[in-house]
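Asker: Residue numbers (the working numbering), protein chains in the order written: chain A, 681 to 924; chain B, 303 to 562.
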Ligand SMILES: Nc1ncnc2c1ncn2[C@@H]1O[C@H](COP(=O)(O)OP(=O)(O)O)[C@@H](O)[C@H]1O
Ligand SMILES: [Mg+2]
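1. Name the chain A residues whose beta carbon is nearer than 8 Å to that of residue 458(B)?
2. For residue 878(A), would you say it is in contact with chain B, using Cβ-to-Cβ distances shorter than 9 Å as the test?
3. Closer than 8 Å to a non-hydrogen atom of ligand 1 - does that hold for the CB of residue 523(B)?
4. Is residue 349(B) near ligand 2, in the sense that its beta carbon is under 8 Å from a heavy atom of that ligand?
5. Quick one: grab the DSSP three-state call for residue 311(B).
6. What residue from 557(B), 513(B), 551(B) and 535(B) has the CA that sits closest to residue 389(B)'s CA?
7. Just by C-beta distance, which residues in the segment 884–897 of chain A are closer than 9 Å to chain B?
8. Tell me whether residue 824(A), by its Cβ, gets closer than 8 Å to a heavy atom of ligand 2.
9. If I follow the unbroken beta strand (DSSP E) through residue 502(B), where does it start and stop?
10. Within 9 Å (strictly less), CB to CB, does residue 519(B) reach chain A?
11. CB of residue 446(B) to nearest heavy atom of ligand 1: below 8 Å?
12. Going by the DSSP bridge assignment, what does residue 756(A) pair with across the sheet?
13. Note down the Cα distance separating residue 824(A) from residue 865(A), rounded to an integer number of angstroms.
14. Which residues mark the beginning and the end of the beta strand (DSSP E) in which residue 896(A) is found?
15. For residue 547(B), tell me which candidate among 515(B), 504(B) and 338(B) has the shortest Cα-Cα distance.
16. Hey, how far is the Cα of residue 922(A) from the Cα of residue 875(A)?
17. For residue 721(A) versus residue 777(A), is the C-beta spacing smaller than 9 Å?
18. Along the chain, where does the beta strand (DSSP E) that runs through residue 341(B) open and close?
19. In this structure, what does DSSP give as the bridge partners for residue 744(A)?
20. For the beta strand (DSSP E) containing residue 402(B), list its first residue and its last residue.
21. I want to see whether chain A comes within less than 9 Å of residue 450(B), judged by CB atoms only; does it?
22. Using the rule of at least 16 other Cβ atoms within 10 Å of the residue's Cβ for burial, across every protein chain shown, is residue 836(A) buried or exposed?
23. Based on the DSSP output, what are the partners of residue 494(B) in its beta bridges?
24. Candidates 554(B), 553(B) and 529(B): which alpha carbon is nearest residue 542(B)'s?
25. Residue 520(B) lies in the beta strand (DSSP E); which residues open and close that run?
26. Alpha carbon to alpha carbon, how far is residue 688(A) from residue 723(A)?
27. Taking a cut of 8 Å between CB atoms, which residues from the segment 471–500 of chain B lie near chain A?
28. Can you tell me whether residue 306(B) is helix, strand or coil according to DSSP?
29. Say yes only if the C-beta of residue 547(B) is nearer than 8 Å to one or more non-hydrogen atoms of ligand 1, and no if none qualify.
30. Are the CB atoms of residue 725(A) and residue 773(A) nearer to each other than 9 Å?
31. Is any heavy atom in ligand 2 found nearer than 8 Å to the beta carbon of residue 319(B)?
32. Quick one: residues in its chain with C-beta nearer than 6 Å to the C-beta of residue 518(B), no 5 flanking neighbours on either side, listed in chain order?
33. Helix, strand or coil for residue 884(A) per DSSP?
34. Going by DSSP, what residue range makes up the alpha helix (DSSP H) through residue 390(B)?
35. Quick one, which of 829(A), 812(A), 739(A) and 766(A) has its alpha-carbon nearest residue 753(A)'s?
36. Whole-angstrom Cβ separation of residue 453(B) and residue 910(A), contact assumed at under 8 Å?
Structure, rendered in structure tokens:
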């Protein structure tokens with residue numbers, strides 16, 4: 681195993697807690713695999729007997745909609761792992777993984793994975809720490825989203841002003857929970873804008889004149905002798921003024 | 303022709319007619335014009351209150367003049383010489399602004415109408431006022447509604463400013479006044495919205511009301527606590543020139559000055 685692979689393993693969330701010694705042990709058990717663009721790394725529904733550490737190239741995680749069309753649910757970059765969930769919960773692949781370009785991955789078999797778990801406490805701990813970190817990180821964001829959801833439901837949008845949206849993180853694929861938060865943030869901004877637009881539309885005054893009544897009242901006033909005389913006098917006055 | 307008659311009218315009382323008239327007259331006077339104000343709206347607070355004048359000191363009225371009991375000289379009260387108390391009013395010192403109280407006691411005007419004051423007599427009175435005081439503008443604070451006296455002032459006006467609140471009751475009443483003003487060939491017919499709730503979009507109010515009447519809305523003035531609280535203590539637009547109400551009111555001045 682090359683030092684490159686060790687270095688890459690150390691950069692993964694999954695293995696970053698492992699000692700050099702433990703990393704060596706993991707790398708020694710793995711097989712480096714190469715996939716061409718469009719090639720499947722794993723298929724949805726397959727029995728799970730290994731997992732992958734991506735060393736180079738991007739993948740998409742895909743599932744199908746009701747019509748059987750592909751839906752991309754995620755993108756995976758070098759340093760990330762795919763397929764390890766099935767090894768723990770012992771269930772078939774919940775999604776497929778397809779190479780978006782030339783991909784290099786270290787495949788680690790289920791046996792290696794379980795062996796690691798039973799024989800290397802440091803590896804087990806490292807893996808657990810990795811999970812725990814991810815979970816904590818996600819939990820913080822999920823708590824935020826819950827908090828924001830409640831505020832939004834109550835029409836309290838003050839958090840939009842008090843929170844720095846993580847725009848720097850949105851668009852990068854490294855942290856899905858942060859993306860969720862960012863997407864939520866911009867969604868609430870749009871909801872607020874739409875609500876305000878609606879409010880303004882609702883609060884636009886509606887003016888209406890009863891034209892029948894207008895005509896009737898006008899005729900009541902102008903129908904008098906007084907008015908006829910006044911109108912004639914006013915006309916004469918305006919003509920006098922116009923002449924200077 | 304020298305000296306324009308500018309009538310300020312509203313369908314209902316309490317619309318802000320007296321406040322607008324006093325502030326508008328003051329603002330026009332501040333541009334250096336010679337301005338007179340005829341107060342015919344005897345409802346309190348009369349316009350003299352807005353100028354900070356004690357009605358006991360005002361003496362003779364337009365009614366005395368129309369009855370031949372006083373000369374117009376005796377009636378005109380120089381606000382420029384005797385501005386009332388207040389920082390805003392003080393700015394009127396030296397301006398050519400004259401107040402012509404029409405009637406302090408209620409009933410005098412109807413008495414005049416009963417006695418048959420006619421259009422030509424009223425008009426002569428106003429023309430004499432303009433000539434004697436060499437006025438550029440003579441503002442008339444009229445009665446609300448459309449009684450005969452109001453019709454007389456509309457008929458003699460060069461400029462008619464109808465003030466309305468942005469609600470349907472005022473729009474209905476205003477629609478009749480607009481038709482009357484057109485029937486009497488008033489050369490400059492302007493609308494002015496007062497007491498608009500700030501939560502509305504004023505440009506939309508302006509557009510909608512202009513569409514209803516096919517007449518110019520010269521301004522939309524906000525309903526304001528500051529106004530309600532300070533209106534009688536001082537001349538609001540002089541005291542608080544940067545207030546939204548004052549800024550919009552000054553916009554109306556431009557229409558008055560530009561009227562042909
Ligand atoms: N834009 C405004 N906002 C709040 N109060 C106002 C406004 N305009 C006028 N007012 C108040 O409304 C009342 C009626 O105003 P006034 O000028 O006497 O009306 P009018 O002469 O039409 O009866 C006064 O108490 C005045 O201070
Ligand atoms: Mg009044």
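Positions of the beta carbon are idealized from the N, C-alpha and C atoms, including for glycine.
Answerer: Quick look at the numbers:
1. Neighbours of residue 458(B) across chain A, judged by C-beta separation under 8 Å: 914 and 917.
2. Taking Cβ atoms only, chain B never reaches closer than 9 Å to residue 878(A), which makes this a no.
3. Flag set: Cβ of residue 523(B) near ligand 1.
4. Correct: residue 349(B) has its Cβ closer than 8 Å to ligand 2.
5. Note: residue 311(B) maps to strand in three-state DSSP.
6. Comparing Cα-Cα distances from residue 389(B) to each of 557(B), 513(B), 551(B) and 535(B), the minimum goes to 535(B).
7. Sequence-ordered contacts of the segment 884–897 of chain A with chain B read 884, 885, 886, 887, 888, 889, 890, 891, 893, 894, 895 and 897 [C-beta pairs closer than 9 Å].
8. The beta carbon of residue 824(A) sits no closer than 8 Å to any heavy atom of ligand 2.
9. Judged by DSSP secondary structure, residue 502(B) falls outside any beta strand (DSSP E); it is assigned neither H nor E.
10. When Cβ-Cβ separations below 9 Å define contact, residue 519(B) makes no contact with chain A.
11. Result yes, Cβ under 8 Å from ligand 1.
12. Residue 756(A) is bridged to 739(A).
13. In a straight line, the C-alpha of residue 824(A) is about 10 Å away from that of residue 865(A).
14. No beta strand (DSSP E) holds residue 896(A); the alpha helix (DSSP H) holding it covers 891–902.
15. With distances taken between Cα atoms, residue 547(B) lies closest to 504(B).
16. Their Cα atoms are separated by approximately 55 Å.
17. Yes, the Cβ-Cβ distance between residue 721(A) and residue 777(A) is below 9 Å.
18. Unbroken beta strand (DSSP E) run through residue 341(B): 337–341.
19. Partner(s): 750(A).
20. Where residue 402(B) is concerned, the enclosing beta strand (DSSP E) stretches over 399–403.
21. With a threshold of 9 Å between beta carbons, residue 450(B) makes contact with chain A.
22. Exposed, because fewer than 16 other Cβ atoms sit within 10 Å of the Cβ of residue 836(A).
23. According to DSSP, residue 494(B) bridges with 465(B).
24. Here the closest residue by C-alpha is 529(B).
25. Membership of residue 520(B) in the beta strand (DSSP E) is indicated by the continuous run 518–524.
26. Each residue's alpha carbon lies about 25 Å from the other.
27. From the segment 471–500 of chain B, only 473, 474, 477, 478, 481, 482, 485, 486, 487 and 489 have a Cβ closer than 8 Å to chain A.
28. Of the three classes helix, strand and coil, the one that applies to residue 306(B) here is strand, per DSSP.
29. Inclusion of residue 547(B) in the 8 Å shell around ligand 1 follows from its C-beta lying nearer than that to a non-hydrogen atom of the ligand.
30. Yes.
31. Within the chosen limit of 8 Å, ligand 2 reaches the beta carbon of residue 319(B) through at least one heavy atom.
32. Hits under 6 Å: 492.
33. Three-state DSSP puts residue 884(A) in coil, outside helix and strand.
34. Counting along the chain, the alpha helix (DSSP H) containing residue 390(B) begins and ends at 389–392.
35. Distance from the Cα of residue 753(A) is smallest, within the candidate group 829(A), 812(A), 739(A) and 766(A), for 739(A).
36. Yes, residue 453(B) and residue 910(A) are in contact; Cβ-Cβ is about 6 Å, under 8 Å.
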